[in-house]
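Chains as they are written, first to last, in our numbering: chain A, 2 to 336; chain B, 722 to 793.
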């Protein structure tokens, strides 16, 4: 009887020790694994740019592996650059006719064609790669960004209008302009300016048929939706990536904004979040540090850029970014 | 005859009231205020500036909307 009890005790002790050591190993793997610090080299071609190539107010980027699209809202044009950053051509001009734009604020590739959020013409335009209009459709709101998701579907985002009622910020259309789904309501607190910040979102297609939504402040989970708009899950981002707090004089009692991400990209199963950077101690602006996360939200690496950037797209270790001067910069990640 | 004069006078008052207060024009001007407000906000969202500046511009948009509606 005594021998049997001893055996049970030994077995219990061994299993406890094993469980404790496994847990420590797992925790250690997350906490202690050294963060890879990646450097970049700039490969932007130093070229004499024609007037057409100058970016006046670039606000959106899209890359298809060969050509980079830049929506220039002020110039009412989409400017096309090659893989190495050389200017190729500019399409569109100011106006309301086919192939003309009024504040193009979003751009994406859609099955080899160019899809543009033509904001103040309240429409989505589709053009071929040479800029020839190939249709489009009107929308009942000012479209902001466009993303190709699923089989030829277009996800359009809209900014909150400031009205004190919840509004939908995501709108999914087919190529003909049939509305398939609308969702992600604005969070309303009664202060339209504060709410504007709380509802700033970034969208990254997941490379298959779904997409991720990332709030720029106050929320550290990345929302994963499928092509029908169903919420598939929330990815909690590694705690080691913190918020950047900023106090702004909003209406009423003092509120803080928890800055999370200035810009974001998703490439080959990894999230790239651009960390906001403090500006003159009381403000937050675009940063120069990109944090790389795996699909499960664990931080894997940090990329330091030589200067702050506003927006970025990433393709297999190459970063296309818009810097503070509104210039296109191309960086190659070196390990 | 008296009845006719009263009706003509009432009609005249109604017509002048409609002409004096062009309701549809005022409504379209208010719509214009909201349209400008939206343009202002969309501009702010796409500034890509530090958040303090964006906050100031968004606040100015709201103030301009209030002023525009009061003037209309």
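By construction, the Cβ of each residue, glycine as well, lies at the ideal position given by its N, Cα and C atoms.
Note that the structure is predicted; figures quoted are calculated from it, not measured.
From this set, 124(A), 128(A) and 118(A), which residue's C-alpha is nearest residue 112(A)'s C-alpha? When C-alpha distances from residue 112(A) are compared across 124(A), 128(A) and 118(A), the shortest belongs to 128(A).
Quick test of the definition: if touching needs 3 or more C-beta pairs under 8 Å, does the stretch 98 to 108 of chain A touch the stretch 71 to 88 of chain A? With a cut-off of 8 Å on Cβ pairs, the stretch 98 to 108 of chain A is in contact with the stretch 71 to 88 of chain A, counting three or more such pairs.
Leaving out five residues on either side along the sequence, give the residues of the same chain with a beta carbon under 8 Å from the beta carbon of residue 17(A). Confidence in residue 17(A) is poor, its pLDDT being 46 and thus under 50, which makes the residue's placement unreliable; the coordinate value appears in the next sentence. Sequence-distant Cβ neighbours of residue 17(A) in its own chain, meaning closer than 8 Å and more than five residues away, do not exist here.
Neighbour list for residue 198(A) in chain B, Cβ cutoff strictly below 7 Å: Correct list: 772.
Does residue 769(B) have its Cβ less than 8 Å from a Cβ in chain A? Yes, its Cβ sits closer than 8 Å to a Cβ of chain A.
Straight-line CA distance for residue 134(A) to residue 99(A)? Roughly 6 Å between the two C-alpha positions.
Mark residue 93(A) as exposed unless 16 or more other C-beta atoms lie within 10 angstroms of its C-beta, in which case mark it buried. Residue burial annotation: residue 93(A) is buried, with at least 16 other C-beta atoms found within 10 angstroms of its C-beta.
Taking residue 223(A) as the reference, give the member of 102(A), 137(A), 187(A) and 236(A) with the closest Cα. Checked all of 102(A), 137(A), 187(A) and 236(A); the closest Cα to residue 223(A) is 236(A).
Can you give me the C-alpha to C-alpha distance between residue 281(A) and residue 306(A), rounded to a whole angstrom? Straight through space, the alpha carbons of residue 306(A) and residue 281(A) are spaced by roughly 20 Å.
Three or more C-beta pairs below 8 Å linking the stretch 172 to 181 of chain A and the stretch 191 to 203 of chain A: The stretch 172 to 181 of chain A is not in contact with the stretch 191 to 203 of chain A.
Residue 149(A) versus residue 116(A): straight-line alpha-carbon distance, rounded: When the Cα atoms are used, residue 149(A) and residue 116(A) turn out to be separated by approximately 8 Å.
Below 7 Å on C-beta distance, what does residue 143(A) contact in chain B? Under the 7 Å cutoff, chain B gives 759 and 763.
Inter-stretch contact at 8 Å, needing at least 3 Cβ pairs: the stretch 292 to 312 of chain A / the stretch 320 to 330 of chain A: The stretch 292 to 312 of chain A and the stretch 320 to 330 of chain A touch, with no fewer than 3 CB-CB distances between them shorter than 8 Å.
What does the alpha-carbon distance come out to for the pair residue 142(A) and residue 159(A)? Approximately 7 Å between the Cα atoms of the pair.
Residue 193(A) at chain B interface by Cβ criterion, 8 Å: Cβ-Cβ to chain B under 8 Å: yes for residue 193(A).
If contact means a Cβ-Cβ distance below 7 Å, which residues of the stretch 229 to 249 of chain A contact chain B? If the cut-off is 7 Å between Cβ atoms, the stretch 229 to 249 of chain A has 247 and 249 near chain B.
Apart from the five residues on each side of it in sequence, which residues of its chain come closer than 6 Å, Cβ to Cβ, to residue 339(A)? The structure shown does not extend to residue 339(A), since chain A is modelled only from 2 through 336, so no value can be given for it.
Per-residue burial, residue 91(A) [other beta carbons within 10 Å of its own, 16 or more giving buried]: Classification of residue 91(A): buried, given that the 10 Å Cβ count is 16 or more.
Cβ of residue 752(B) within 8 Å of any chain A Cβ: No, residue 752(B) lies away from the interface with chain A (no Cβ there is under 8 Å from its Cβ).
Looking at C-beta atoms only, is the number of pairs between the stretch 206 to 218 of chain A and the stretch 263 to 281 of chain A that lie closer than 8 Å three or more? Proximity of the stretch 206 to 218 of chain A to the stretch 263 to 281 of chain A meets the contact definition, three or more beta-carbon pairs being nearer than 8 Å.
Give me the Cα-Cα distance between residue 88(A) and residue 750(B), rounded to the nearest whole angstrom. Rounded to the nearest angstrom, the two C-alpha atoms are 43 Å apart.
So if DSSP puts residue 292(A) in a beta bridge, which residue, or which two residues, is it bridged to? Answer is 274(A) and 303(A), bridged to residue 292(A).
For residue 108(A), verify whether its CB is less than 7 Å away from any heavy atom of the ligand ATP. The ligand ATP is absent from the structure shown, which contains no ligands of any kind.
At which residue ranges does the stretch 141 to 195 of chain A contain complete beta strand (DSSP E) runs of 3 or more residues, listed in the order of the chain? Runs of the beta strand (DSSP E) lying entirely within the stretch 141 to 195 of chain A and spanning at least 3 residues, in chain order: 144 to 150, 154 to 159, 169 to 174 and 180 to 186.
If contacts are defined as beta-carbon pairs under 8 Å, then residue 62(A) and residue 312(A) qualify, I think. What distance do you get, rounded to the angstrom? The Cβ separation is near 6 Å, so the contact holds.
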